[in-house]
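One structure below.
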Amino acid sequence: MRCRFPFISSIILLALAQGSCGGSGPTELDRSAGSELRQPMLAEDIDPDPDVVHVQLSAAPLVVEFEPGVPTELWAYNGVFPGPLIEAKQDDRIIVDLVNNLPEPTTIHWHGVRLSNANDGTPVTQDPVPPGGSFTYDFTVPDASLFWYHPHANSAEQVYRGLYGPLLVHGDDPLPAADERVLVLSDLELSGGQLVLPWADGVQQMENAMGYLGNTQLVNGQLMPELKVRSGGLERWRVVNASGSRYYNLALPGHVLTMVGTDGGLIESPVEYSEFLLAPGERADLLVATDGSDGDSTVLINASYSIMHAAGFMPDPDHPLMQLRYSGSVNGLDRSIPAQLATITEPVVDAGEFSLQFSAALDPQPMDIIAGTVDEDAPINFASFAINGRPWPDAAEHVSQLGTTERWTLNNHTVMDHPFHLHGYRFLVESGTDGGPAYRGWKDTVNVHGSELGDHLLDILIPFEDNPGNWLYHCHILRHAELGMMAELVVNP
Ligand code: C2O
Ligand code: CU
46 MRCRFPFISS IILLALAQGS CGGSGPTELD RSAGSELRQP MLAEDIDPDP DVVHVQLSAA
106 PLVVEFEPGV PTELWAYNGV FPGPLIEAKQ DDRIIVDLVN NLPEPTTIHW HGVRLSNAND
166 GTPVTQDPVP PGGSFTYDFT VPDASLFWYH PHANSAEQVY RGLYGPLLVH GDDPLPAADE
226 RVLVLSDLEL SGGQLVLPWA DGVQQMENAM GYLGNTQLVN GQLMPELKVR SGGLERWRVV
286 NASGSRYYNL ALPGHVLTMV GTDGGLIESP VEYSEFLLAP GERADLLVAT DGSDGDSTVL
346 INASYSIMHA AGFMPDPDHP LMQLRYSGSV NGLDRSIPAQ LATITEPVVD AGEFSLQFSA
406 ALDPQPMDII AGTVDEDAPI NFASFAINGR PWPDAAEHVS QLGTTERWTL NNHTVMDHPF
466 HLHGYRFLVE SGTDGGPAYR GWKDTVNVHG SELGDHLLDI LIPFEDNPGN WLYHCHILRH
526 AELGMMAELV VNP
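To convert, count from 1 in the sequence shown and add 45; that's our numbering.
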């Protein structure tokens, strides 16, 4: 495990103080082989119209057992964890009746969907639904991709407790037929089967810095499930990172992960990866040619990655996620992936440029701690996580005009990565300090790397094509958003 300290940062001091360098090892809950991978339960469509998907979602406490006989209380939709899979076709109308059976107010945000503003599920579009209350969302889905849903009220805690589910919108695509799976990645901190609530005794500084990283990494709510694959087959994985904090750096030894789609649908041309990084909130459409022999097995891992890598700090070791077992074979399957998957036309910037800075000012200042002028045991206040220096809800709103395209420069002033998420619109990544993006595709969430040497920049192009209204943008490490790294965009009609 690499652990070096090339420069001084209070984050590192904190990590040292808490003995976190090197991270937590595998927990007693790890298993070499678990039960067969389940697909998320399909939400029942109660409307017979083929172009309308009408589902009911009840949010309520749920007791599950990750270990036989050891109950764990989560919060979940419709009594399943993760929440049910909502399936629709491109341009369908989706109606969702939310009933809140939680002990606190909630909402549902349809992450990545370009929808009408009133259905966005945020504090700038609706009052949270009180316990016992209900709310109906009604919108159309213009893009074919994997989206997901989660609360936007007390969201760091509510998502951590288990409130999230996938929304898969099907469209025409030129891909070969494949065995398709939805994979919802998330994590929980379990101790003896009990869900540990990081905020129970007041939020600790490491939780503020890193978000809530759980010791138990799950695929579709399962610990180390097993997926049977066929020799000579083709797998298509629709993956969402539903963790409020954890990054997934996916690797499948002996196999190539071919990315064909991202948040907003198919990318222009396929790109091959040996490790594929998925930040919180992002989705990926991955093809995997399964060329092992009958009886072989391999493990999908979350390979070591640190959001503090700019500080040379790697707290997150490799972690096994899912066992693949070869069982049976198929011959002569056409697995050729077209060189062009989609046409993505770059929008022309015809409105202002907007520069947006992520900052995490600390109090007391790191240099004062190092110089010893401040008691080293004094609590460090992270409350000033901010965008453009002003923490939500005091952040200045940005005003844009419907029908224009803007270039936003995302500027990370901190040593840690932040996944930037914009509600209601999609964007193209134009260029960045690291060079251009490896693929062209529509995004709603993108990782902005931390930097030790200066600001890390990423330019994105946003066409404000439709849906005027009040939208949020924020870091998708949900604790960071809650601490202030969130702001409002007003798109005028
Ligand atoms: Cu997935 Cu504002 O969030
Ligand atoms: Cu962040």
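Using N, Cα and C, we set each Cβ at its ideal position, and we do this for glycine too.
None of the values given here were measured: they were computed from a predicted structure.
Here the region 323-333 does not lie against the region 496-515, with fewer than 3 beta-carbon pairs under 8 angstroms apart. A distance below 9 angstroms separates the beta carbons of VAL115 and GLY237. Contact between LEU82 and VAL264 holds: their C-beta atoms lie close to 7 angstroms from each other, under 8 angstroms. Only buried fits GLU527, as 16 or more other CB atoms lie within 10 angstroms of its CB. Not one heavy atom of ligand 1 falls within 8 angstroms of the beta-carbon of SER476.
The three-state reading of DSSP puts GLN239 in strand, counting E and B together. Listed in chain order, the non-local C-beta contacts of ALA405 below 6 angstroms within the same chain comprise PHE430 and THR459, local neighbours out to five positions each way being set aside. DSSP places ARG524 in the uninterrupted alpha helix (DSSP H) bounded by 523-527. PRO85 counts as buried, since at least 16 other C-beta atoms from the protein chains shown sit within 10 angstroms of its C-beta. Ligand 1 approaches THR167 closely enough that one of its heavy atoms is under 8 angstroms from the residue's Cβ. Within a 10 Å sphere around the beta-carbon of PRO219 sit fewer than 16 other beta-carbons, which makes this residue exposed. Relative to ligand 2, PRO464 has its C-beta within less than 8 angstroms of a heavy atom. Using a 10 angstroms sphere on the CB of SER200, the tally of other CB atoms reaches 16 or more, which defines it as buried.
The C-beta distance from PRO221 to SER381 rounds to 6 angstroms, short enough to fall under 8 angstroms. Around the C-beta of GLN368, 16 or more other C-beta atoms lie within 10 Å, and the residue is accordingly described as buried.
Around the Cβ of GLY377, a 10 Å sphere holds fewer than 16 other Cβ atoms; the residue is exposed. Non-local C-beta neighbours of PRO538 in its own chain, meaning closer than 8 angstroms and more than five positions away in sequence, comprise LEU447 and PRO513, ordered along the chain. For TYR205, the enclosing alpha helix (DSSP H) has its first and last residue at 200-205. Pairing ILE432 with LEU242, the inter-Cα distance amounts to about 27 angstroms. At least one heavy atom of ligand 1 lies less than 8 angstroms from the C-beta of LEU517. Burial of LEU331 is indicated by the presence of at least 16 other C-beta atoms within 10 angstroms of its C-beta.
If you draw a straight line from the Cα of PRO176 to the Cα of ASP142, it is about 14 angstroms long. In the three-state reduction of the DSSP assignment, ASN537 falls in the strand class.
The region 97-151 is shown to contain whole beta strand (DSSP E) runs of 3 or more residues at 97-112, 115-122, 131-134 and 138-145, in chain order. No Cβ-Cβ contact shorter than 9 angstroms links LEU230 with TYR318.
Here DSSP, grouped into helix, strand and coil, assigns MET353 to coil.
Rounded to the nearest whole angstrom, the CA to CA distance from TRP487 to VAL285 is 15 angstroms. Scanning the region 440-475 from its first residue to its last, the whole beta strand (DSSP E) runs of 3-plus residues come out as 443-446, 450-457 and 463-467. At least one heavy atom of ligand 1 lies closer than 8 angstroms to the C-beta of GLY326. When distances are taken from the beta-carbon of HIS525 to the heavy atoms of ligand 1, even the shortest one reaches 8 angstroms or more. Secondary structure of ASN162 (DSSP, three-state): helix.
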